[in-house]
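Peer 1: Using this note's numbering, read the sequence shown as starting at 12 and increasing by one per residue.
Have a look at the structure that comes next, please.
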Amino acid sequence: MRLVLGIGGGIAAYKAPDLVRRLRERGHDVRCVLTANAGRLVAKDALATVSGSPVRDTLWHDGGIEHIDLPRWAEGLLVAPATADLLGKFAHGIADDLLTTLFLALEPQKPVWLCPAMNTVMWEKPQVQGNLKLLIERGARTIGPVGGNLACGENGMGAMSDPTAIATAIA
Ligand SMILES: Cc1cc2nc3c(=O)[nH]c(=O)nc-3n(C[C@H](O)[C@H](O)[C@H](O)COP(=O)(O)O)c2cc1C
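In structure tokens, the structure reads:
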């Protein structure tokens, strides 16, 4: 499947290159889109190398219209990690960067998988749960989160699913 992998600015972004490897092992063609905050947590060059494709992180790319071309190319969109911020923007139609804009430009019949990951208190906030509920009602599928030791030092719900589990779930 031709997949756009959207990577949000959660600490689990460091797992994104491994996720790309696991997806490619299963035959998927992967193109990565980073938010500006994700770009602080995972190296664009690592993603370009493991995906074998240029990584996009801005709407403004040499006069191109990636926010339309990428969702046209894609057969599905996987977002991992999906931050609280991205869930809110996706749920409410906010399109202020490449990833949130291409989410809106993706044809509605194409599958969207969201892999939320965040601190437990954030995860349990009614705003976050409400946004996720809206997205699920509109057809998005979720993978995780799972419980465990979080990067913030807490032990609870909010860790991103393991890359192998994510790649298996979308198969
Ligand atoms: C080190 C660090 C780790 C973070 N981890 C998470 C996270 O796991 N989940 C989350 O929702 N936000 C996390 N945040 C907050 C987001 O980066 C912040 O909400 C940001 O606006 C998200 O932008 P984006 O959704 O465009 O990537 C983290 C912030 C920092 C500084």
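Each residue gets a CB set at the ideal place from its N, CA and C atoms; glycine is no exception.
In this structure, how does DSSP classify Asp40 when only helix, strand and coil are distinguished?
Peer 2: Residue state, collapsed to three classes: strand.
Peer 1: Where DSSP assigns a beta bridge to Pro127, which residues make up the other side?
Peer 2: Beta-bridge partners of Pro127 (DSSP): Ala93.
Peer 1: Drop a sphere of 10 angstroms on the beta-carbon of Leu115, count the other beta-carbons inside from all chains shown, and report buried for 16 or more, exposed for fewer.
Peer 2: exposed
Peer 1: For Val1, does the three-state DSSP call read helix, strand or coil?
Peer 2: For the chain, the structure presents residues 12 to 182; residue 1 sits outside this window and is missing.
Peer 1: From the DSSP output, which residues share a beta bridge with Asn166?
Peer 2: Asn160
Peer 1: Less than 8 Å between the CB atoms is what I'm expecting for Leu109 and Thr69, so what's the real figure, rounded?
Peer 2: 6 Å
Peer 1: Compute the distance between the beta-carbons of Met171 and Ala54, then report whether it is under 8 Å.
Peer 2: no
Peer 1: Taking Cβ positions, are Trp134 and Ile154 nearer each other than 8 Å?
Peer 2: no
Peer 1: I'd like the span of the alpha helix (DSSP H) that includes Leu115, first residue to last.
Peer 2: Leu109 to Ala116
Peer 1: Taking one C-beta from the stretch 172 to 181 and one from the stretch 139 to 150 each time, how about it: are there three or more such pairs within less than 8 Å?
Peer 2: no
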